[in-house]
Every structure is written in structure tokens, then in C-alpha cells.
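Heads up: the structure comes next, in C-alpha cells.
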Amino acid sequence: MLLSRGGAQSPAATATTVVLPSPTPTVAPAARAATTAFATALPASVLQYALATSEEDPEPVAAGALEAWTETFTDGGAATLTVRAAQFETPEEAAAYAASLVATLPAAAPSPAASPAASPSTSPSATADDAPALPASGEVQAGGAVVGTYTVVDAGDGTGVAVWQNGTAVLRLTAPVEDVADAYAAFPL
């Protein structure tokens, strides 16, 4: 028991949680030439990554997408994040395309990731530092309704891949494995 000079007990220490701000880009994002509603809904930055390039992606269009884009983001250094985003006419078409992308993902052994990519109810079991194990998968929710699914994996080459469906949109994000879960969680679609 600790006593102060007056003989009274010292107050118990209280734990505090420090929440750091999300990282932001150190470089300006490039201008996006596309002006469709879908293209303009795509972000100009994701965490510390700023849009560097945006171009049409013919592969998802050949698979039935109404439009699709491949976008590369940079942190101003060597790290990049690539997003392939496709808009389909129906959620069923989007779900089928997302399933085809997930089927091509590596089935790597579980490994620690950078941080949680899902809510506590859908996050995988955590490691000692509270980072989820990869692969991770679950439901995508918007407005309290399930609108798709997500899968996040360690590609085994230093990168991680997240594939998710949000209604009629299908996105495939590739980033350094330590950033993939945070980038997926921060992506606004």
C-alpha cells in the first residue's frame, strides 16, 4: 500500500487510450480524368496514399462490368497501393465477379496483419498485438444491411490483397501486407 504524506492512500492510476490520427498523404493526388458517378465516388487518397494514376480497366468490362478502373496510389516513396474497381448492373453480377476474384487469391498460411479490417463481430482471432490473422473474411454492411462480402489475404510476397463487393461495386486492393487491412477498412466504398 502506498501512502501519501498525510497518510491517505494514493488514487489508483487510470488507464487512458490514445487514438492517433489516421495517416494522410504527403503528396498531392493526381487529377482523375473520368467523370462518371462511379469514378468520381472513388477516393483521391486512402490513408497515406494519394492517387497517382487512373485508367480504364478492360478486363472487368469484358466480364460484364459497366465500367472499371485501375488506380495506383503512392505514398510519395516506394510504397504503392493499387485498386481495381468495377461497377456492375446488378448485385448478383457483382457477387459472381467478386467470387471469381476471391477464387484466384493465394491460400497462404495465416499470418499477422497490420490492424483489424472488420468490426469486432466479424474480425478474426487476434494475435498478441491485437492484429487479426490473415486470411480474414466477412460481410460488408452499409446502413445496417449486408451488401456484400470481403476477403483479405497475405499474398506471400510482401503484399496483401483485399477483395470486396459493396452492392454493384467490386473492388480489389493490393498494398503492402502491413497496410492492406487498414487500407481496406479506410476505403470509402
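For the sequence shown, this note's numbering gives the first residue as 4, with consecutive numbering after it.
Cβ atoms here follow ideal geometry from the backbone N, Cα and C, with glycine treated the same way.
Remember, predicted model here, so these are calculated numbers, not experimental data.
Can you tell me the Cα-Cα spacing of residue i and residue j, whole angstroms?
i, j, result
"A188", "Q144", "12 Å"
"T162", "A81", "13 Å"
"L192", "V155", "15 Å"
"V21", "T107", "39 Å"
"L84", "L176", "7 Å"
"S140", "G159", "17 Å"
"L45", "E92", "17 Å"
"G170", "A66", "17 Å"
"P138", "P26", "24 Å"
"E95", "T39", "22 Å"
"P28", "G147", "30 Å"
"F41", "L69", "10 Å"
"T17", "V105", "45 Å"
"W167", "L174", "5 Å"
"E59", "A47", "16 Å"
Residue i bridges to which residues according to DSSP?
i, result
"V150", "Bridge partners of V150: none, in fact."
"F76", "L54 and L84"
"D182", "BP columns for D182 are empty, so no partner."
"E70", "Q90"
"F48", "The sequence given here has Ser at residue 48, not Phe. DSSP, once it has assigned bridges, lists A53 as partnering S48."
"S140", "T154"
"A172", "Q90 and N169"
How should residue i be labelled, buried or exposed, when 16 other C-beta atoms within 10 angstroms of its C-beta is the threshold for buried?
i, result
"E74", "buried"
"A184", "buried"
"S124", "For S124, the pLDDT reaches just 33, beneath the cut-off of 50, and the residue's location in the model is therefore unreliable, leaving the point undetermined."
"T43", "exposed"
"P24", "exposed"
"P109", "exposed"
"G151", "buried"
"A97", "buried"
"A101", "buried"
"S103", "exposed"
"A178", "buried"
Return the Cβ separation of residue i and residue j in integer angstroms, given the expectation that the two are a contact with Cβ distance under 8 Å.
i, j, result
"Q90", "A37", "Q90 to A37, Cβ: 11 Å. No contact."
"A33", "A55", "6 Å"
By Cβ distance below 6 Å, which residues in the same chain neighbour residue i in space, the five residues on each side in sequence not counted?
i, result
"V64", "A71"
"Y52", "F76, D78 and L84"
"A165", "V155, L176, V183 and Y187"
Take residue i and list the residues in its own chain whose beta-carbon comes closer than 7 Å to its own, dropping the five residues that flank it on each side.
i, result
"D133", "Confidence is the limiting factor: at D133 the pLDDT is only 49, short of 50, which leaves the residue's position unreliable, though a coordinate-based value still follows. So the list is empty, once near-sequence residues are dropped."
"V49", "F76, L84, A186, A189 and F190"
Counting contacts by CB-CB distance shorter than 8 Å, is residue i in contact with chain B?
i, result
"A145", "Protein chains in the displayed structure number just one, and chain B is not present."
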